[in-house]
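A.B. asks:
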Amino acid sequence: DVPVLLTPHAGELAAMLEVEREDVEADPLGHATRAADRWSATVLLKGERTLVATPGRATRVNLSGTPWLGTAGSGDVLAGFAGSLLAAGLDPHDAGSVAAFLHGRAGQRANPGGPFTASDVAATLPRVVADFLRVDAR
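Under the working numbering, the first residue of the sequence shown is numbered 1039, with each subsequent residue one higher.
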């Protein structure tokens, strides 16, 4: 099997599952789980509570971040970062979880009160990763 990590927001997941966006927003866990099972993939459903669902594994919930991460291009930064973690050897569940957490922290640091651009998040991400990897990081 080829490891797969999908990174939709609610609207994209709704289109994939042929349901309404409101349905996904009303039951994000159910829809993320359904999509993960349907495509035998890890689904990182972006949102206020980002979910990482993989068949046969406990779904992870990420709360780091800010509403400003909904800005255009921010999801591309997240997907690219998750892809780099996959390339480094993490499995999709862990890559999605780590990427969501650190992307969220980068958004919090880019400009705590907002607004910011996706480029601001991308520029902040290396420092967030470095802090995370430090032994004394909090």
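For each residue, glycine too, the CB sits at the ideal point set by N, CA and C. Fair warning: this is a prediction, and the values are worked out from it, not measured in the lab.
1) From which residue to which residue does the alpha helix (DSSP H) around Leu1128 run?
2) Can you have a look at Val1090 and say buried or exposed, based on whether 16 or more other CB atoms are within 10 angstroms of its CB?
3) Can you give, in chain order, each stretch of the beta strand (DSSP E) that sits fully within the stretch 1066-1143 and has at least 3 residues?
4) Going by DSSP, what residue range makes up the alpha helix (DSSP H) through Val1057?
5) Cβ of Ala1120 within 8 angstroms of Cβ of Leu1171?
6) Excluding sequence positions up to five away, which residues of its chain have a Cβ less than 7 angstroms from the Cβ of Ala1074?
C.D. replies: So, from the listed chains and residues:
1) Unbroken run through Leu1128: none, as it is neither H nor E.
2) Burial call: buried.
3) For secondary structure counted as the beta strand (DSSP E) over 3 or more consecutive residues, the stretch 1066-1143 holds these complete runs in sequence order: 1080-1083, 1088-1091, 1098-1100.
4) Val1057 -> no alpha helix (DSSP H), and no H or E assigned at all.
5) no
6) The residues are Thr1080, Val1081, Ala1091, Thr1092, Pro1093.
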